[in-house]
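Colleague: One structure, as structure tokens, below. Some questions next.
There are 2 protein chains.
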Amino acid sequence: MAVRQSSVGLRERESESTRRTILDATEAILAARGEEALSIREVCARAGVTAPTIYHHFGDKAALIDRVVDACFVEFDRTLRARPAPGDPVEALRSGFDRYIDYGLAHPTHYRLMFSRRRAHPTPAALASYDGLRRRVAAIGAVGRLRVPIEEATAAFWCAVHGVTSLTIAGFWQPGAPAARLVRDAMITQLTRPAPFPRRSRPASPRGSEGSA
Amino acid sequence: MAVRQSSVGLRERESESTRRTILDATEAILAARGEEALSIREVCARAGVTAPTIYHHFGDKAALIDRVVDACFVEFDRTLRARPAPGDPVEALRSGFDRYIDYGLAHPTHYRLMFSRRRAHPTPAALASYDGLRRRVAAIGAVGRLRVPIEEATAAFWCAVHGVTSLTIAGFWQPGAPAARLVRDAMITQLTRPAPFPRRSRPASPRGSEGSA
DNA sequence: CGGTCTTTATAACGGCGCTATAGGGCGCTC
DNA sequence: GAGCGCCCTATAGCGCCGTTATAAAGACCG
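Chains as they are written, first to last, in the working numbering: chain A, 1 to 213; chain B, 1 to 213.
Listed below in structure tokens is the structure:
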């Protein structure tokens with residue numbers, strides 16, 4: 001792979017740097033002034049390039065936003081994985097709920113772009129992020145504490161946390177409203193079983209919780 | 001009030017008709033081609049008026065959309081009230097959940113406009129619609145079957161149904177996915193109590209469920 | 001019947017996403 | 001090391017957008 005190191009030449013490196021500059025400018029404008037204020041012309045001014053450069057590297061405005069959203073998903077995933085989960089997988093899911101909301105409130109414009117646009121096919125970054133949630137749910141199933149099939153539980157949990165996040169972002173109530181805790185604990189309670197008595201040595205019950213696909 | 005009937009003259013009636021024509025054209029374009037395809041020029045063409053007419057009557061494009069959204073909330077509210085609820089208030093809430101999703105899937109563009117835009121103050125139409133949901137929840141509290149304060153239960157239930165609706169609209173899974181039923185029943189189970197045994201004559205328990213404010 | 005004021009049309013401004021065209025400079029080949 | 005080819009970027013402009021200054025037309029009041 002690294003046979004011809006010089007093949008990553010000056011021009012290619014400069015191209016990559018230009019792409020990064022454009023992406024950074026786009027992300028900054030989105031975070032500061034929202035999606036509606038984002039114009040290619042302003043990205044040009046902030047990044048110090050002209051329009052054809054952007055169109056050469058990204059195709060069109062929607063594709064440029066898609067690349068920003070990809071980066072958001074990566075960052076989102078990283079945020080959710082940060083602070084390794086507590087030992088109890090149910091508690092890990094519960095704290096994931098809170099961190100999910102925190103991310104949405106910290107990056108409302110990005111969150112809306114990530115989840116409110118209809119897309120024909122989810123991007124790989126979005127799938128990876130969804131897979132992170134599914135793994136948390138699967139960890140609960142692995143110790144025999146999931147009441148419903150993994151896929152259904154994952155989707156249901158995601159619905160709940162997305163509902164709280166997007167309505168809070170839309171400004172219908174203040175962050176930290178009691179409804180958030182209510183929804184979180186309702187889903188946890190309904191989707192999972194309490195931990196078995198500690199005198200049982202094997203944490204996983206012999207009857208698994210995964211349904212037949 | 002109707003002292004001077006002639007004060008509603010020809011001009012006023014024509015103005016009202018013009019407003020209706022413009023609103024209908026806007027709604028039709030939104031439903032058919034989505035928010036991004038909505039342009040004032042196309043509304044003009046479809047409604048048979050010119051731009052200054054629209055700006056005279058509505059102010060700007062955002063205000064025009066606001067008026068359409070107001071009408072959507074009225075229609076939304078009417079849809080949820082249709083088919084009078086079953087006797088059991090818990091079952092009424094459950095069927096309200098399904099009808100809410102049905103409306104969102106039938107009018108995805110309108111639904112997004114109603115609930116995904118950040119607004120400083122909710123419109124009266126939106127408040128009236130929210131109040132309809134709160135009354136359904138309050139009816140459960142009135143028979144002593146609500147586990148949490150009315151306001152919190154209303155907000156939590158709304159979060160849940162909005163989460164299911166908006167993610168389904170965004171295309172993350174098919175309508176009717178099992179997650180919807182799961183979320184619905186989880187919220188119902190956690191927010192409400194089962195009906196008391198029928199041999200007790202008084203349906204409402206003496207200890208009310210409403211919290212303090 | 002004349003004046004006023006609401007309502008509408010004409011035409012244009014500035015900004016948008018996007019691109020046809022062309023030129024400059026790096027990298028490859030000999 | 002010289003020349004060429006191609007990737008990348010800039011100039012300038014197209015068609016569309018939301019919005020509005022100006023002014024004409026006509027319903028209402030006296």
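We put the CB at the ideal spot given by N, CA and C, even for glycine.
Please read these numbers as outputs of a predicted model, since none were measured by experiment.
Is there contact here, the segment 126 to 139 of chain A with the segment 85 to 101 of chain A, by at least three beta-carbon pairs under 8 Å?
Modeller: Judged by Cβ distances under 8 Å, the segment 126 to 139 of chain A makes contact with the segment 85 to 101 of chain A, as three or more pairs qualify.
Colleague: Which bits of chain A does residue 116 of chain B rub up against, with CB to CB less than 8 Å?
Modeller: Near residue 116 of chain B (Cβ distances below 8 Å), the residues of chain A are 112, 116, 166 and 170.
Colleague: Would you call the segment 147 to 163 of chain A in contact with the segment 162 to 177 of chain B, where contact means no fewer than 3 C-beta pairs closer than 8 Å?
Modeller: Verdict: yes, contact present.
Colleague: To the nearest angstrom, how far is it from the Cα of residue 55 of chain A to the Cα of residue 132 of chain B?
Modeller: Between residue 55 of chain A and residue 132 of chain B, the C-alpha separation is close to 49 Å.
Colleague: Taking Cβ-Cβ distances shorter than 7 Å, what residues in chain A pair up with residue 182 of chain B?
Modeller: In chain order: 148, 152 and 156.
Colleague: Following the continuous alpha helix (DSSP H) through residue 87 of chain A, name the residue where it begins and the one where it ends.
Modeller: No alpha helix (DSSP H) holds residue 87 of chain A; DSSP gives it neither H nor E.
Colleague: Throw me the rounded Cβ distance for the residue 179 of chain B and residue 152 of chain A pair, which I believe falls under 8 Å.
Modeller: Going by Cβ atoms, the distance from residue 179 of chain B to residue 152 of chain A rounds to 6 Å, so yes, they are a contact pair.
Colleague: Could you work out which residues of chain A lie near residue 119 of chain B, taking near to mean beta carbons separated by less than 7 Å?
Modeller: Near residue 119 of chain B (Cβ distances below 7 Å), the residues of chain A are 171.
Colleague: Between residue 193 of chain A and the rest of its own chain, which residues show a CB-CB distance below 7 Å, the 5 nearest in sequence each way excluded?
Modeller: Here the set comprises 145 and 147.
Colleague: Kindly provide the ranges of any beta strand (DSSP E) runs that are 3 or more residues long and lie completely inside the segment 90 to 126 of chain A, ordered along the chain.
Modeller: Those beta strand (DSSP E) runs which fall completely within the segment 90 to 126 of chain A and span 3+ residues do not exist here.
Colleague: With 8 Å as the threshold, decide whether the Cβ of residue 163 of chain B is near any Cβ in chain A.
Modeller: Answer yes: the Cβ-Cβ gap between residue 163 of chain B and chain A drops below 8 Å somewhere.
Colleague: Taking CB distances under 8 Å as the criterion, tell me whether residue 190 of chain B reaches chain A.
Modeller: At least one chain A Cβ lies under 8 Å of residue 190 of chain B.
Colleague: For residue 178 of chain B, return the contacting residues in chain A, with the cut-off set at a CB-CB distance below 9 Å.
Modeller: Residues of chain A passing the Cβ test: 148, 149, 151, 152, 155 and 156.
Colleague: In this structure, how does DSSP classify residue 192 of chain B when only helix, strand and coil are distinguished?
Modeller: It is a strand residue.
Colleague: Is the beta carbon of residue 107 of chain A sitting closer than 8 Å to the one on residue 31 of chain A?
Modeller: A contact, by the Cβ cut-off of 8 Å.
Colleague: Determine the contact status of residue 49 of chain A and residue 29 of chain A, defining contact as a CB-CB distance below 8 Å.
Modeller: No, Cβ-Cβ distance for residue 49 of chain A and residue 29 of chain A is not below 8 Å.
Colleague: For residue 30 of chain B, which of helix, strand or coil comes out of DSSP?
Modeller: If DSSP states are grouped into helix, strand and coil, residue 30 of chain B belongs with the helices.
Colleague: Beta carbon of residue 215 of chain B, beta carbon of residue 113 of chain B: below 8 Å?
Modeller: A query on residue 215 of chain B cannot be resolved here, the shown segment of chain B reaching from 1 to 213 and no further.
Colleague: At the level of alpha carbons, what is the spacing between residue 102 of chain B and residue 59 of chain A?
Modeller: When rounded, the distance between both Cα atoms is 37 Å.
Colleague: Looking at C-alpha atoms only, which residue of B/98, B/15, B/89 and B/68 is the closest neighbour of residue 53 of chain B?
Modeller: The residue with the shortest Cα to Cα distance from residue 53 of chain B is B/15.
Colleague: From residue 173 of chain A to residue 118 of chain B, what does the alpha carbon distance come to, in whole angstroms?
Modeller: Going by the C-alpha atoms only, they are around 11 Å apart.
Colleague: Taking 8 Å as the CB-CB limit, is residue 195 of chain B close to chain A?
Modeller: By this cut-off, residue 195 of chain B is not an interface position.
Colleague: Report all residues from its chain with a CB closer than 8 Å to the CB of residue 116 of chain A; omit the five preceding and five following residues, and keep chain order.
Modeller: For residue 116 of chain A, where only same-chain residues beyond five positions count, the Cβ hits under 8 Å are 166.
Colleague: Counting only C-beta atoms, is residue 159 of chain A closer than 8 Å to chain B at any point?
Modeller: Yes, residue 159 of chain A lies at the interface with chain B (some Cβ there is under 8 Å from its Cβ).
Colleague: Can you tell me which of the three DSSP states residue 38 of chain B falls into?
Modeller: Correct three-state label for residue 38 of chain B: coil.
Colleague: Is there a C-beta anywhere in chain B that falls below 8 Å from the one on residue 288 of chain A?
Modeller: Residue 288 of chain A falls outside the range modelled here, since chain A spans only 1 to 213, and no answer is possible.
Colleague: Excluding five sequence neighbours on each side, which residues of the same chain lie with their C-beta closer than 7 Å to the C-beta of residue 62 of chain A?
Modeller: Answer for residue 62 of chain A: no residue qualifies.
Colleague: In angstroms, rounded to a whole number, what distance separates the CA positions of residue 71 of chain A and residue 156 of chain B?
Modeller: Their Cα atoms are separated by approximately 31 Å.
Colleague: Any idea which residues DSSP pairs residue 146 of chain A with across the strands?
Modeller: DSSP output for residue 146 of chain A lists A/192 as bridge partner(s).
Colleague: Taking the alpha-carbon of residue 97 of chain A as reference, which of A/74, A/24 and A/154 has the nearest alpha-carbon?
Modeller: When only C-alpha atoms are compared, the closest one is A/154.
Colleague: Of the choices B/185, B/190 and B/184, whose alpha-carbon is the least far from that of residue 185 of chain A?
Modeller: Comparing Cα positions, the closest option is B/190.
Colleague: Please confirm whether residue 78 of chain A and residue 23 of chain A have their CB atoms less than 8 Å apart.
Modeller: In this structure, residue 23 of chain A does not lie closer than 8 Å to residue 78 of chain A by Cβ.
Colleague: Which residues of chain A have a Cβ atom closer than 9 Å to the Cβ of residue 37 of chain B, listed in chain order?
Modeller: Those do not exist, as residue 37 of chain B stays about 13 Å from chain A at its closest Cβ, beyond 9 Å.
Colleague: Does residue 173 of chain A come out as helix, strand or coil in the three-state DSSP assignment?
Modeller: If DSSP states are grouped into helix, strand and coil, residue 173 of chain A belongs with coil.
Colleague: Considering only their Cβ atoms, is the gap separating residue 130 of chain B from residue 169 of chain B smaller than 8 Å?
Modeller: The answer is no: Cβ separation not under 8 Å.
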